[in-house]
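For the sequence shown, numbering that gives the first Met the number 0 begins at 0 and goes up steadily by one.
Yeah, the Cβ is synthetic: ideal placement off N, Cα and C, and Gly gets one too.
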Amino acid sequence: MSEQQILLSVGGIGAAALACQWLAWRLKLPAILFLLLAGIIAGPALGWLDPQALFGPLLMPLVSLAVALILFEGSLTLHLSQWREIGSVVHRMVTLGALATWLVIALATRWLLGFDWPLAILFGTLTLVTGPTVIVPMLRVVRPNATIANILRWEGIMIDPIGALLAVVVYSFIIASGDGNGLSQSLGTFAGVIVAGCALGAAGGWLLGQIMREQWLPEYLHNLASLAAVLGIFIAANQIVHESGLLAVTVMGMWLANMPGVDVRQILHFKENLSVLLISGLFILLAARLDLNAMFELGPAVLALLLVIQLLARPLNVLLSTLGSSLNWRERALLAWIAPRGIVAAAVSAIFAIRLHEAGHEDALLLVPLTFAVIIGTVVLQSATARPLARLLKVAEPAPSGFLIVGANRPARILGKALQQLDCRVLLTDSSWENIRAARMEGLPTYFGNPASQHADAHLDLVGLGHLLGLSPAGEINTLACARFRHDLGAGRLYVLASGLEKKRSDKHRASAEHRGQLLGDRPMTYQQLANHLHQGAEVYSTTLTDAFDWQDYQALHGERAHLLFARDSHGWVHVSTPDTPLRPQPGWTLVALIEPVPADLATGVKQ
């Protein structure tokens, strides 16, 4: 290829990746669906993109390094403390249920497609994983109740690195069996892969963690050091024992994530952004290499395999995992339907297929079209049917009425508790651990982090949340959060405190009202004014109006001392008071207002 063709191809991949990610965000669907479609159209359909001609012998090494980075990023989220918190249902789904799924898929692949046992077993591990990148966008559309949403979200987070680790182990055993002259030698080679991968991964994780903890490198070099460490450990492990690199980087991420005194948030944020770039480009390239004829030649057996995965493997997983739980049959039915396959399956299968084919497994090249067929089939089918099914089963959340509160400071905690008393779900987000800890001590749900981060995109549970309250003292954070959730929640459901600096700024330094959101309260109030009122004895009160004590009586009693914030009508809907949309409360409404204390001179009857 000429230099101009190479530049056009690389630029086209970047443009297509951005377009696919944007379209997925707009439609609230998994990005993998659009990335695969773009790759298929540009590659086998129209012949515009030939990854082999574009990258030549560099293609598979680049894919291998990209997969190593993706697995490392996924393993950084696997905290052992979370394992104890996620509940028995998720525990069983990623252990006993995953084992049952693996067995069913392996048997179906063997009998329906005629794969030999090693490839059938490997394919079973490849199609175990769901992953947050496909689950989270689907949950935003389906909006199941909080119990189902939490189970599916945690399953996706936990099964991603576990499934990848299992696939690497099975693949290593297949390679070891092919290289050995007997079972004992195969087991010895397999043990070497496990020992080398675990030892180098643990050593790399400990060394990188030590460097970060002791500040042997400046903080701005931590991301570069982690990137170099991942690539170095991956290459070193493969040099010592062939095919142990993926296992090594997975163990390295797990070790680093659980090392005491090591803050991996900055690395995780960097790796998440890098993973979006790698995943987007990687899927377009992998899809462009697909042999559509090979996929079609698989014939009706692929549809039969999809039916087994959808109607037998997944329901069996859920049945075994929910025995004895408090879930009702409707919740179990929806859990049994939702399990889209995603990124790890496609990325790892592409590497394993070529290497296994080179090792003498003739059917190995079929792993890629088969895996992609399962991904496309599960994502399309479940994206189209999960929301109607949730409504039919009556386990879908109604129109979301809860509040995502940006800030966990004292004013935010007080307003959060007041909203809880109106039977609203609230979730407080903050990057200050002191604020988050105080909120948790008061029984308020929290998310520790920036709600506009890539990590929040995958882990922030928005089920039941339909409004945003920007209560951070930093107005820029409130504005950024409004811009991030404008599409998800709607422009009319974003509310912030007034900013004392806005009036002093010129237009070019002032955030537009479109991005800032509406002002909270019947009268504009800054964070400092709100905090001062609370410090001086003001309290947030809830009052229910009646025919004998209506809105006029309420105003006459409190006058200018009352700052109306929220109101719940007689139908249970919560309204937010703003200067531009004054509320007209009726009898039966419950009002939430910040009420200033009576001045001391008036309370004692002394005139000024």
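Secondary-structure assignment with DSSP links residue 517 through a beta bridge to 494. Within the same chain, Cβ atoms closer than 6 Å to the Cβ of residue 123 are found at 101, 104, 105, the five residues on either side in sequence being excluded. 147 is the residue among 147, 428, 26 whose C-alpha sits nearest the C-alpha of residue 462. Between residue 530 and residue 470 a beta carbon distance of about 10 Å is seen, past the 8 Å cut, so the two are scored as non-contacting. Counting only runs that start and end inside the segment 261-317, the alpha helix (DSSP H) elements of at least 4 residues fall at 264-287, 291-296, 299-307. Excluding sequence positions up to five before and after residue 455, its CB lies within less than 8 Å of the CB of 428, 446, 448, 449, all in the same chain and listed in chain order. In the structure shown, residue 362 adopts helical secondary structure according to DSSP, grouped into three states. In this chain, the beta strand (DSSP E) harbouring residue 567 covers 561-567. Between residue 342 and the set 24, 46, 378, the nearest pair of CA atoms involves 378.
Annotation: residue 153 to residue 597 spans about 49 Å, alpha carbon to alpha carbon. Using a Cβ-Cβ distance cut-off of 8 Å, the segment 380-400 and the segment 355-367 are not in contact, since fewer than three pairs of beta carbons, one from each stretch, lie closer than that value. For the options 335, 347, 108, 406, the alpha carbon positioned closest to that of residue 159 is the one of 347.
In this structure, the alpha-carbon of residue 112 lies about 10 Å from that of residue 303.
DSSP links residue 542 through a beta bridge to 590. Note that the C-beta distance between residue 74 and residue 258 is not below 8 Å.
Inter-residue distance for residue 439 and residue 431 is about 13 Å (C-alpha atoms, whole angstroms). Here residue 573 has 400, 421, 423, 565, 567 as same chain residues with Cβ atoms under 7 Å from its own Cβ, once five neighbours each way along the sequence are excluded.
Bridge partners of residue 402 according to DSSP: 425, 466. If you look at residue 446, you'll find it in the beta strand (DSSP E) that goes 445-447. Taking 8 Å as the cut-off, the beta carbon of residue 485 is found closer than this to the beta carbon of residue 493.
The alpha-carbon of residue 527 is positioned some 15 Å away from that of residue 595. For residue 91, the number of other beta carbons within 10 angstroms of its own is at least 16, and it is reported as buried.
In the DSSP assignment, residue 557 forms no beta bridge with any residue.
Residue 473 and residue 562 have their C-alpha atoms roughly 22 Å apart. Distance from the CA atom of residue 240 to the CA atom of residue 138, rounded to whole angstroms, is 41 Å. Residue pairing by DSSP places residue 575 opposite 565 in a beta bridge.
If you draw a 10 Å sphere on the C-beta of residue 9, you find fewer than 16 other C-beta atoms in it, and that means exposed. Below 8 Å, enough C-beta pairs join the segment 275-289 and the segment 16-25 to call them touching: three or more. Here residue 552 has no same chain residue with a Cβ atom under 7 Å from its own Cβ, once five neighbours each way along the sequence are excluded. A residue is called buried when at least 16 other Cβ atoms come within 10 angstroms of its Cβ; residue 5 does not meet this threshold and is exposed. For residue 336, same chain residues with a beta-carbon under 7 Å away, outside a window of 5 residues either side, are 381, 385, 388 in chain order. For the pair residue 35 and residue 351, the CB atoms are not nearer than the 8 Å cut-off. Take residue 27, set aside five residues on each side of it, and the residues of its chain with a beta-carbon closer than 7 Å to its own are 136, 139, 140, in chain order.
Here the C-alpha atom of residue 44 lies approximately 14 Å from the C-alpha atom of residue 293. A straight line joining the alpha-carbon of residue 468 with that of residue 197 spans about 46 Å. Counting along the chain, the unbroken alpha helix (DSSP H) around residue 225 starts and ends at 221-239.
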